[in-house]
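Here's the structure we're looking at; comments come further down.
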Amino acid sequence: MEQRNRRLGRHIPDPVRAKNRKAIVDCLRRRGAAARIELSEQIGISPATVTIITSELLEDGVIREKQAETGRDESARGRPRTRLELNPEAGFAVGIKISMHQASVSLTDLSGDILGAETIPVRANRDAPEWIADICMKQVQKIVSVSGIDPDLVLGLGIGVPGYVEYPSGLVRWAPVFSERDVPFREIVEERTGFRTFIDNDANMTALAEKWFGVGRTFPTFLVVTVEHGVGMGLVINERLYRGSRGFGAEFGHTKIVVGGALCRCGQRGCIEAYASDYAIAREANILGPSVATDDPIALEARMRDLIAQADSGDPAVVSVFERAGSMLGTGIANLVDILDPPVVVLSGARAHSAKAFYGALRQAMEANTLPGTDTSVDLRIDLGGDQVWARGAAALVLEETLI
Ligand SMILES: [Zn+2]
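For the sequence shown, the numbering used here assigns the number 31 to the initial residue and increments by one for each residue that follows.
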């Protein structure tokens with residue numbers, strides 16, 4: 031199918047120029063804005079090269095000149111240097127996040143600001159992928175039309191799903207949101223829209239959101255752990271998202287924490303997800319009643335809200351359920367910290383806001399299980415972004431693939 035026109039990318043750079051172009055865009059992403067001479071000093075390329083490449087980027091609309099603030103001249107001679115910044119209106123990105131009980135659709139500019147968003151209820155593991163794609167596309171068309179932007183300026187569509195996503199092929203090998211395996215979801219969506227489409231594990235997209243708009247502006251290496259219906263992870267090493275050799279990396283939820291332990295949705299036993307995710311917590315609490323079907327996403331969401339409230343009001347049995355889950359996740363994160371030694375770990379996803387007992391146990395387990403002396407050096411941050419994070423993740427994915 032013919033791809034929609036894109037206004038960007040008129041300059042097709044050779045590999046060296048592409049590398050320098052990427053370095054300049056990355057530097058502006060981190061710093062917000064910079065003068066040409068600062069770019070030259072920071073990146074270590076000549077001022078002449080910076081001038082050539084920034085001219086191309088300006089012409090392509092990827093960057094823009096930042097207006098100097100009056101009365102705040104930066105140079106000693108009184109004339110302000112022209113600073114450059116990424117152009118948030120260089121294009122737009124559509125994001126779709128598919129979770130167990132809903133699909134969230136958003137339209138953002140390239141600074142990740144949301145211009146329009148809709149949430150559609152789906153029964154993800156019961157509805158066919160084609161049907162989910164159809165209803166998402168109706169929302170995409172509606173949002174783009176209401177926003178009044180030219181559809182040709184939509185650079186691409188970023189989709190996040192939980193599970194094993196083979197990034198290069200766009201195949202969803204396994205995901206709890208689809209009842210089938212090996213779903214060619216990228217192809218299904220591209221056929222319906224004509225937009226360039228990128229599909230990734232949802233935790234990877236959260237990590238990209240952090241890279242472009244969050245902790246990644248300060249830290250070149252960090253990891254993100256997501257927890258809600260499942261447990262996920264995104265790993266950025268030296269400013270690059272790590273996807274592994276086949277595109278499945280970096281999986282965390284299905285690493286094993288108890289040999290021969292609790293049964294997981296993936297069919298194996300002892301995965302961290304089988305202890306720390308929503309369905310695992312609800313399954314454990316079912317014995318306390320009222321029992322809910324853990325594969326019913328809407329009932330599960332309501333049950334989690336009740337359980338968190340019960341735990342926070344001090345119900346000892348429910349507190350013990352959250353403590354066990356938090357302890358398992360904290361031990362798993364401690365293992366990651368020992369392996370990777372990241373300066374920052376970001377906790378994200380809906381259950382970044384869980385019961386107090388969950389966090390207490392999580393932090394305690396991290397402290398008890400990291401190598402002595404390392405626990406204090408890890409900065410554990412709770413992401414407060416909610417749905418904004420996913421929309422920004424989609425924008426970041428499209429930026430990574432189309433902008434540079
Ligand atoms: Zn598993």
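Don't be surprised by glycine CBs; every beta carbon is placed ideally from N, CA and C.
Open item on the list: Tell me the DSSP secondary structure of residue 366 in three-state form.
Closed with: Sequence index remark: in the sequence shown, residue 366 carries index 336 (1-based). If DSSP states are grouped into helix, strand and coil, residue 366 belongs with the helices.
Task: Whether residue 12 touches residue 303 by CB criterion (7 Å) - done: The structure shown does not extend to residue 12, since the chain is modelled only from 31 to 434, so the question has no answer here.
TODO: Could you name the residues that DSSP lists as bridge partners for residue 263?
DONE: Taking the first residue of the sequence shown as position 1, residue 263 is located at position 233. DSSP lists 255 as partners of residue 263.
TODO: Can you tell me the Cβ-Cβ gap for residue 116 and residue 145, rounded? I've got them flagged as a contact below 8 Å.
DONE: Against the sequence shown, residue 116 aligns to sequence position 86. Against the sequence shown, residue 145 aligns to sequence position 115. No, residue 116 and residue 145 are not in contact; Cβ-Cβ is about 17 Å, not under 8 Å.
TODO: For my contact list, residue 317 and residue 385 are in at a C-beta cut-off of 8 Å; report their separation, rounded to the angstrom.
DONE: As a position in the sequence shown, residue 317 is number 287, starting the count at 1. As a position in the sequence shown, residue 385 is number 355, starting the count at 1. Going by Cβ atoms, the distance from residue 317 to residue 385 rounds to 18 Å, so no, they are not a contact pair.
- [ ] Using beta-carbon positions only, say whether residue 295 and residue 206 come within less than 7 Å of one another.
- [x] For the purposes of this step, residue 295 is taken as the residue at position 265 of the sequence shown. For the purposes of this step, residue 206 is taken as the residue at position 176 of the sequence shown. Closer than 7 Å, so yes.
Task: Straight-line Cα distance separating residue 233 from residue 79 - done: Indexing the sequence shown from 1 puts residue 79 at position 49. Indexing the sequence shown from 1 puts residue 233 at position 203. Here the C-alpha atom of residue 79 lies approximately 37 Å from the C-alpha atom of residue 233.
Task: DSSP beta-bridge partners of residue 272 - done: Your numbering for residue 272 matches position 242 in the sequence shown. DSSP lists no partner for residue 272.
Open item on the list: Taking a contact to mean a Cβ-Cβ separation below 7 Å, would you say residue 308 touches residue 334 in this structure?
Closed with: Here residue 308 corresponds to residue number 278 of the sequence shown, with the count starting at 1. Here residue 334 corresponds to residue number 304 of the sequence shown, with the count starting at 1. Result yes, Cβ atoms of residue 308 and residue 334 sit closer than 7 Å.
Open item on the list: Taking 6 Å as the limit between beta carbons, can you name the residues of its chain near residue 392, skipping five residues before and five after?
Closed with: The sequence position of residue 392 within the sequence shown is 362, counting from 1. The beta carbon of residue 392 sits closer than 6 Å to the beta carbons of 356, 359 and 360 from its chain, once the five residues preceding and following it are set aside; these are given in chain order.
Task: Which of helix, strand or coil DSSP assigns to residue 301 - done: Start at 1 with the first residue of the sequence shown, and residue 301 comes out as number 271. It is a strand residue.
Open item on the list: From the DSSP secondary-structure annotation, give me the bridge partner or partners of residue 231.
Closed with: Along the sequence shown, read from residue 1 onward, the residue named residue 231 stands at position 201. When beta bridges are read from the DSSP output, residue 231 appears opposite 191.
- [ ] Given a cut-off of 7 Å, decide if residue 202 and residue 381 are closer than it, judged by their beta-carbon atoms.
- [x] Indexing the sequence shown from 1 puts residue 381 at position 351. Indexing the sequence shown from 1 puts residue 202 at position 172. Contact: no.
Task: Own chain residues within Cβ distance below 6 Å of residue 101, not counting five before or after - done: Counting from one through the sequence shown, the residue named residue 101 turns up at place 71. Any reading at residue 101 is ruled out, since the residue's pLDDT is 47, under 50, leaving its predicted position unreliable.
Open item on the list: Please give me, in chain order, every unbroken run of the alpha helix (DSSP H) with length at least 4 that falls completely inside the stretch 137-189.
Closed with: You should have 159-177.
Task: Alpha-carbon spacing of residue 94 relative to residue 55, whole angstroms - done: Mapped onto the sequence shown, residue 94 falls at position 64. Mapped onto the sequence shown, residue 55 falls at position 25. Their Cα atoms are separated by approximately 11 Å.
Open item on the list: Within a Cβ cutoff of 6 Å, which residues of the same chain sit near residue 387, ignoring the five residues on either side of it in sequence?
Closed with: Along the sequence shown, read from residue 1 onward, the residue named residue 387 stands at position 357. Around residue 387: 341, 349, 352 and 353.
Open item on the list: Measuring only the C-alpha atoms, how far is residue 119 from residue 187?
Closed with: The residue given as residue 119 occupies position 89 in the sequence shown. The residue given as residue 187 occupies position 157 in the sequence shown. For residue 119 and residue 187, the distance between alpha carbons rounds to 16 Å.
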